[in-house]
Amino acid sequence: MKYNKDNYKQVVDEFTPKNKMLKNCVMAFIFGGAICLVGEIINDSFVAWLGISDEEASPMTAVVLIGISALLTGLGWYDKLGKIGGAGTVVPITGFANSVVSPALEFKREGLILGTAANIFKLAGPVLVFGYFSSFIAGLLSMLFK
Amino acid sequence: MKKTGKTYIIKDDVVIRDTYTIVGKKEGQGPLKDKFDMVIEDDLWGEDTWEKCELKMQKIAVENLKNKNSLINENIDLLISGDLLNQITSSSFAARALELPYIGVYGACSTMTLTMGLGAMIIDGGFAENVICVTSSHFCSAERQYRLPLEMGGQRHMSAQWTVTGAAAVWLSKSGKGPKIKHVTFGKIVDLGVKDANNMGAAMAPAAYDSLNQHLQDTGIDYDLIVTGDLGTVGKGIVNKMFNEDNKSIESKYDDCGTIIFDINKQDVHAGGSGCGCSAAVFGSFLYKKLLNNEIKKLLFTATGALHSPTANLQGESIPGIAHCLGIEV
């Protein structure tokens, strides 16, 4: 065979279809924007109709979005949205909820403790680890320069 | 020795007496929908897990193959099977229910020709008269073991393939009528450094080229049809390119099961089908019927496998490819 590890890469690139970058970006913008719009509507509704302060309405909005995302994941719809929306559905908090609920559902067949509980942070684990770590660094910096 | 080059010559008749195929709903909506023996309606088939559904497909495929041909366990010498899951779960657990002497093998998606090649050699060696070869794959059980949870929202790469939900059982016999296995070439592992688990076709294509080239060189047979297992559009293109560059084009009589089992343009499978069940289901239905109907007389059937390990991949290893060839003649 005339190919080796060095020159085979070119052949692979020649035959591998490219992802539709522009289309993916536009869809991500639309879906991500739509999720944020829903969040804004919920937030403003809390403030306008329930008389909740803006400060309190924001975490409540996050809880509602997470709840909706978990429900859509359970119904098997979120992955369909994700297929079209791409990063637009992954980046918002709903994507994080989806990444927690999807392994939780998938591993429930192996039992509550060693299945669901042990695997629930399989995908979200890195987000949590680096999230905690960066909060620690931010906290440390704010303490030092206060 | 019954060997020419790296290819084994099956001297006595080893007849492919019958096959039985079971596929999932999506495969049952594809271009081969009328060719399968059974199409299951959902991905659980009355079981509570996908793994149990997959082993049920293997078990029912063998049982129905036996019933169709009035075969009883006393007449079957050996069951050879394999699948994609860790500890070849589907095969071993199906074999537990089938109560036959069992050899479990792992060849990733090359399993169909691996089991049939071994079966043919065992029969030709005089150690068995009737052997049943089985393999299966299931989209959901494979996705969860090799990739991400199914409900996780995200986009699949354009070069990614769709694991076929399907199983096929093949009855090989020393006597009777049917297409015969004449030559067997077990391939060597070829790895040209592809690390992208979303591009299995590219990882396997060099192995497919190597085994096909070896087989054609050893036997010199002019086949009516050459079919690889699950290279998909990417791997198929690369194999064609490699033979064209050697001035030995096979393009006019070459196809790939991954591009046959699904309608690539309509069924949203990206680069095509994959999995043990892909080549198995296409051979057991479409190709076997072509041989029976004399539409083709000489078939070179080459299942291809990506011996991919998610753990090794994370540790920086590439994906080794393998391909095993069967020369089948009417």
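Top line first, the protein sequences correspond to chains A and B. If you're matching positions, the first sequence starts at 7 in the numbering used here and goes up one per residue. If you're matching positions, the second sequence starts at 48 in the numbering used here and goes up one per residue. Cβ coordinates follow ideal geometry from the N, Cα and C atoms, glycine included.
Residue burial classification, residue i (beta-carbon count within 10 angstroms, cutoff 16)
{"i": "S148(A)", "result": "exposed"}
{"i": "N49(A)", "result": "buried"}
{"i": "N13(A)", "result": "exposed"}
{"i": "L272(B)", "result": "buried"}
{"i": "Y84(A)", "result": "buried"}
{"i": "C31(A)", "result": "exposed"}
{"i": "E101(B)", "result": "buried"}
{"i": "R143(B)", "result": "exposed"}
{"i": "I41(A)", "result": "buried"}
{"i": "G166(B)", "result": "buried"}
{"i": "Q261(B)", "result": "buried"}
{"i": "N133(B)", "result": "exposed"}
{"i": "Y270(B)", "result": "buried"}
{"i": "F142(A)", "result": "exposed"}
{"i": "W55(A)", "result": "exposed"}
{"i": "M104(B)", "result": "buried"}
{"i": "S105(A)", "result": "buried"}
{"i": "S108(A)", "result": "buried"}
{"i": "M7(A)", "result": "exposed"}
{"i": "V69(A)", "result": "exposed"}
{"i": "Y9(A)", "result": "buried"}
{"i": "D59(B)", "result": "exposed"}
{"i": "C18(A)", "result": "Sequence inspection shows Val at residue 18(A); the Cys mentioned does not correspond to that position. Result: buried."}
{"i": "V135(A)", "result": "exposed"}
Endpoints, the alpha helix (DSSP H) within which residue i is located
{"i": "Y256(B)", "result": "M247 to T266"}
{"i": "E110(B)", "result": "W97 to K115"}
{"i": "Y193(B)", "result": "F186 to Y193"}
{"i": "F136(A)", "result": "G131 to L150"}
{"i": "F102(A)", "result": "I99 to E112"}
{"i": "G80(A)", "result": "D60 to G80"}
{"i": "T95(A)", "result": "A93 to V96"}
{"i": "I36(A)", "result": "M27 to L56"}
{"i": "D238(B)", "result": "It is not in any alpha helix (DSSP H) - D238(B) carries neither H nor E in the DSSP assignment."}
{"i": "L361(B)", "result": "P357 to L361"}
{"i": "A141(B)", "result": "T136 to L145"}
{"i": "F21(A)", "result": "Y14 to F21"}
Residue j beta carbon less than 8 Å from that of residue i
{"i": "G322(B)", "j": "S184(B)", "result": "yes"}
{"i": "G387(B)", "j": "L334(B)", "result": "Residue coverage of chain B in this structure runs from 48 to 377, which leaves residue 387(B) outside it and unanswerable."}
{"i": "N246(B)", "j": "V281(B)", "result": "yes"}
{"i": "G324(B)", "j": "T182(B)", "result": "yes"}
{"i": "S188(B)", "j": "H371(B)", "result": "no"}
{"i": "T351(B)", "j": "D243(B)", "result": "no"}
{"i": "I90(A)", "j": "A110(A)", "result": "no"}
{"i": "A254(B)", "j": "I236(B)", "result": "yes"}
{"i": "S117(B)", "j": "G151(B)", "result": "no"}
{"i": "V61(B)", "j": "L219(B)", "result": "yes"}
{"i": "I57(B)", "j": "V217(B)", "result": "no"}
{"i": "G52(B)", "j": "Q264(B)", "result": "yes"}
{"i": "E304(B)", "j": "S326(B)", "result": "Before going on, a small fix: residue 304(B) reads as Cys here, not Glu. The answer is yes: Cβ separation under 8 Å."}
{"i": "I47(A)", "j": "L71(A)", "result": "no"}
{"i": "D84(B)", "j": "T68(B)", "result": "yes"}
{"i": "K24(A)", "j": "M205(B)", "result": "yes"}
{"i": "L125(B)", "j": "A175(B)", "result": "yes"}
{"i": "V70(B)", "j": "I179(B)", "result": "no"}
{"i": "W209(B)", "j": "F330(B)", "result": "no"}
{"i": "E88(B)", "j": "A328(B)", "result": "no"}
Continuous beta strand (DSSP E) stretch holding residue i: start and end
{"i": "D65(B)", "result": "V62 to V70"}
{"i": "L219(B)", "result": "G213 to S220"}
{"i": "A370(B)", "result": "G368 to E376"}
{"i": "G225(B)", "result": "Neither: G225(B) is in no beta strand (DSSP E) and is coded neither H nor E."}
{"i": "Y9(A)", "result": "It is not in any beta strand (DSSP E) - Y9(A) carries neither H nor E in the DSSP assignment."}
{"i": "I127(B)", "result": "L125 to D130"}
{"i": "T54(B)", "result": "T54 to I56"}
Residues of the region 256-268 of chain B with a CB closer than 9 Å to any CB of chain A: list them in chain order, please.
Y256, D257 and N260
For the region 237-250 of chain B, enumerate the residues whose C-beta is nearer than 7 Å to any C-beta of chain A, in chain order.
L239, G240, V241, N246 and A249
Between the region 74-90 of chain A and chain B, which residues of the former have a C-beta closer than 7 Å to a C-beta of the latter?
T79, G82, Y84, D85, L87, G88 and K89
Compile a chain-ordered list of the residues in the region 117-146 of chain A whose CB is closer than 7 Å to at least one CB of chain B.
L129
Scan the region 147-173 of chain B and note each continuous beta strand (DSSP E) run of 3 residues or more that stays entirely inside, going in chain order.
149-151
Taking only runs of the beta strand (DSSP E) that begin and end inside the region 264-349 of chain B, which ones reach a length of at least 3 residues, in chain order?
272-275 and 301-303
Beta carbons nearer than 9 Å to chain A: which residues of the region 191-202 of chain B have them?
Flagged, chain order: R191, L195, P196, L197, E198, M199, G200, G201 and Q202.
Could you run through the region 331-346 of chain B and flag, in chain order, every residue whose CB is less than 9 Å away from some CB of chain A?
none
What residues in the region 81-100 of chain B have a beta carbon less than 8 Å from any beta carbon of chain A?
D95 and T96
Check each residue of the region 90-112 of chain A: if its Cβ is closer than 8 Å to any Cβ of chain B, include it; give the result in chain order.
Only those residues of the region 90-112 of chain A whose C-beta falls short of 8 Å from the nearest C-beta of chain B are listed: G91, G92, T95, V96, G101, N104, S105, V107, S108, P109, L111 and E112.
Closer than 9 Å between beta carbons: that is the criterion. Which residues of the region 21-32 of chain A meet it against chain B?
Against chain B - using a Cβ distance shorter than 9 Å - the residues of the region 21-32 of chain A are F21, T22, P23, K24, N25, K26 and N30.
Relative to chain A, which residues along the region 270-288 of chain B have a C-beta separation below 7 Å, given in chain order?
Those would be V281, G284, I285 and K288, in chain order.
Taking a Cβ distance cut-off of 7 Å, strictly less, list which residues of the region 158-192 of chain B are near chain A, in chain order.
R191
Can you list, in chain order, the residues of the region 129-157 of chain B whose Cβ is nearer than 9 Å to any Cβ on chain A?
none
Can you list, in chain order, the residues of the region 7-18 of chain A whose Cβ is nearer than 8 Å to any Cβ on chain B?
M7, K8, Y9, N10, K11, Y14, K15, V17 and V18
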